[in-house]
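This report concerns only the one structure given below.
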Amino acid sequence: MAGTKDLLMLENFIGGQFLPCHSYIDSYDPSTGEVYCKVPNSGKDEVEVAVEAARGAFPGWSSQSPEKRAQVLNRLADLLEQSLEELAQAESKDQGKTLTLARTMDIPRSVQNFRFFASSILHHTTECTHMDHLGCLHYTLRTPVGIAGLISPWNLPLYLLTWKIAPAIAAGNTVIAKPSELTSVTAWMLCKLLDKAGVPPGVVNIVFGTGPRVGEALVSHPEVPLISFTGSQPTAERITQLSAPHCKKLSLELGGKNPAIIFEDANLEECIPATVRSSFANQGEICLCTSRIFVQKSIYCEFLKRFVEATRKWKVGIPSDPSASMGALISKPHLEKVRSYVKKARAEGAQILCGEGVDMLSLPPKNQAGYFMLPTVITDIKDESCCMKEEIFGPVTCVVPFESEEEVIKRANSVEYGLAATVWSSNVGRIHRVAKKLQSGLIWTNCWLIRELNLPFGGMKHSGIGREGAKDSYDFFTEIKTITVKH
Ligand SMILES: NC(=O)C1=CN([C@@H]2O[C@H](COP(=O)(O)OP(=O)(O)OC[C@H]3O[C@@H](n4cnc5c(N)ncnc54)[C@H](O)[C@@H]3O)[C@@H](O)[C@H]2O)C=CC1
Ligand SMILES: N/C(=C\C=C\C(=O)O)C(=O)O
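For what it's worth, full-length UniProt numbering labels the leading residue of the sequence shown as 1, then goes sequentially.
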């Protein structure tokens, strides 16, 4: 292929084999804006081959014991852990995030995902009741669904792909996964470890390509009864439309417009660094990131001053820079989308206290075409502004004052999303009271992103349908039956 001599060429992984594709998509290094990889531009034909492989592998894999499947998942976790550095380097180059974050969050969590579900699959229980007067015993039984369709996004590529693959295969399903075309490399690297881990051919199949082309072929395939999706609401709507005629099980993990609520009795020494991190981690490209900060009026000025100071220390740098807190955004279109929100805020008369259009960003010459943006803090903005209502999914956060608990709960709940929130106060009664009233699926109090994988993860309202976690993912990736035995 012309001009591809130095490029990383990915291939689909189907039936335990790497298969070339008829055409390819350019994939960019976000820190330089240069094409460095070619991703298969798969379509219906590739999905058909993957379905055949997944169908063929299902009887053998689903009949393995949970213990046997757990052994395979643990071996895969070990192999991933042994390749941590290589995977971290690849993830950072592919997604634009700092190498430090890939090393300390993305890849370790990918390892944990396999170990966690290898353990949890051994501990599920079912239900049983007795009708002695009728001589009947009733019990429930869970069995794997079949071929699971998994579609994952570009912000936490391996972390979220494995968060779906692990529970799906632990429960005995076979899978066809489609990572984002923007970040396909670590999924491709995962495929290289499957055989050595003892994953039989056809159990895990990965088809690369765009959403509309290969994603829709997967979503609308009649032999794929289940779709687990993480990404944007518009795409979730499309997936819902396409899957409806087939009555498929859907898990939709979507976006957020997550509030941080900071009361006057908050510990600002802890709250400020944590809220800088929750606003700008991974370039603000995490569905759980804070993008609305409500500060009680009595401490608003002090908070704002210290928060802007701390934000200016959140260093934007090339991803390999160990001192960088933030790398490049995922793509040029996404960078322009995020920048457009700051422009709209400025046009509405809001104040941009730091970042985009205020401070200077200096980068080495070879990175000046990269998709970099400074962490940006907006104030004097109305709740009705698009910056306070819509998911920006970038390093932009808005800070506004509030007076009362009742007021801030109403304002925090006044958006379409309901995914995550943080509440900062030293009054434990208030913490519980506010958490109960917030329309969010996840509420962290006096902390952020401490993850308990055993408990439900997900949001309400336009943040999605369904939950993920030990029991929630098991329930999603299995069908339940109630069996009655008359004796
Ligand atoms: N909540 C979250 O975790 C994420 C939210 N987003 C939001 O979505 C916006 C757009 O980002 P995208 O990467 O375009 O998200 P997206 O939702 O379009 O992509 C997510 C995944 O869905 C696939 N996909 C896209 N269209 C599809 C279709 N018609 N059928 C089947 N699969 C399809 C993509 O190829 C990718 O694998 C972002 O600016 C951000 O606001 C993006 C990524 C993650
Ligand atoms: N779904 C997302 C993050 C999940 C984090 C976790 O499970 O710990 C996202 O950013 O889209």
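Backbone N, C-alpha and C define an ideal beta-carbon position, used for all residues, glycine too.
Classify residue i as buried or exposed, calling it buried when 16 or more other Cβ atoms lie within 10 Å of its own Cβ.
i, result
"L10", "buried"
"I483", "exposed"
"I450", "exposed"
"I293", "buried"
"A2", "In this predicted model, A2 has a pLDDT of only 42, less than 50, meaning its place in the structure is not dependable; the value taken from the coordinates is given anyway. Under this definition A2 is an exposed residue."
"F476", "buried"
"L73", "buried"
"Q241", "exposed"
"E270", "exposed"
"V428", "exposed"
"S404", "exposed"
"I14", "buried"
"D94", "buried"
"E67", "exposed"
"D6", "exposed"
"L419", "buried"
"G349", "exposed"
"F402", "buried"
"S184", "buried"
"C289", "buried"
"Q334", "Reading off the sequence, residue 334 comes out as His, not Gln. Flag for H334 reads buried."
"C386", "exposed"
"G135", "exposed"
"D132", "exposed"
"N267", "exposed"
"I262", "buried"
Mind checking who residue i pairs with in its DSSP beta bridge?
i, result
"P144", "T478"
"A421", "I443"
"N205", "I176"
"R292", "P259 and C398"
"I330", "Bridge partners of I330: none, in fact."
"I151", "K178 and F229"
"Q17", "I14"
"S426", "Looking at the DSSP assignment, S426 forms no beta bridge with any residue, so it has no partner."
"S251", "S228"
"E468", "F457"
"V316", "M326"
"M360", "M360 pairs with nothing; no bridge assigned."
Hey, would you say the C-beta of residue i is under 7 Å away from at least one heavy atom of ligand 1?
i, result
"G96", "no"
"S232", "yes"
"R467", "no"
"G211", "yes"
"K337", "yes"
"T235", "yes"
Are there any heavy atoms of ligand 2 lying less than 7 Å away from the beta-carbon of residue i, as far as the coordinates show?
i, result
"T186", "no"
"N12", "no"
"R55", "no"
"N413", "no"
"T287", "The identity of residue 287 in the sequence shown is Cys, whereas the question assumes Thr. Within the cutoff, so yes."
"L160", "yes"
"L156", "yes"
"P245", "no"
"P153", "yes"
"F457", "yes"
"W163", "yes"
"R451", "yes"
Can you name the start and end residues of the alpha helix (DSSP H) that residue i belongs to?
i, result
"I381", "First-last for I381: undefined, no H or E at that position."
"S27", "No alpha helix (DSSP H) contains S27, which is instead part of the beta strand (DSSP E) from Y24 to D29."
"R69", "P66 to Q82"
"Q283", "Run containing Q283: none; DSSP gives neither H nor E here."
"K305", "Y300 to R312"
"C191", "V185 to A197"
"N113", "I107 to S120"
"Q368", "Where Q368 is concerned, there is no enclosing alpha helix (DSSP H), given that its DSSP letter is neither H nor E."
"L374", "No alpha helix (DSSP H) contains L374, which DSSP labels as neither H nor E."
"I352", "Looking at the DSSP string, I352 is not in any alpha helix (DSSP H); the run it does join, the beta strand (DSSP E), is Q351 to C354."
For residue i, report the span of its beta strand (DSSP E) as first-last.
i, result
"P401", "V396 to F402"
"V35", "E34 to P40"
"T129", "C128 to M131"
Can you determine whether any heavy atom of ligand 4 sits closer than 7 Å to the C-beta of residue i, and answer yes or no?
i, result
"E253", "Ligand 4 is absent from the structure shown, which contains only ligand 1 and ligand 2."
* **At least 3 beta-carbon pairs within less than 8 Å: the stretch 333–353 vs the stretch 387–401** => yes
* Asked: How about the stretch 150–167 and the stretch 42–55: do they share at least three Cβ pairs that are nearer than 8 Å?
  -> no
* **Three or more C-beta pairs below 8 Å linking the stretch 59–72 and the stretch 209–226** => no
* Given 8 Å, three or more beta-carbon pairs between the stretch 231–239 and the stretch 265–281 -> no
* Asked: Can you find at least 3 beta carbon pairs, one from the stretch 110–121 and one from the stretch 159–172, that sit closer than 8 Å?
  -> yes
* To do: May I ask you to verify whether the stretch 167–176 touches the stretch 247–254, counting CB pairs closer than 8 Å and requiring at least 3?
  => no
* To do: Please determine if the stretch 315–330 and the stretch 365–372 are in contact, where contact requires at least 3 C-beta pairs separated by less than 8 Å.
  => yes
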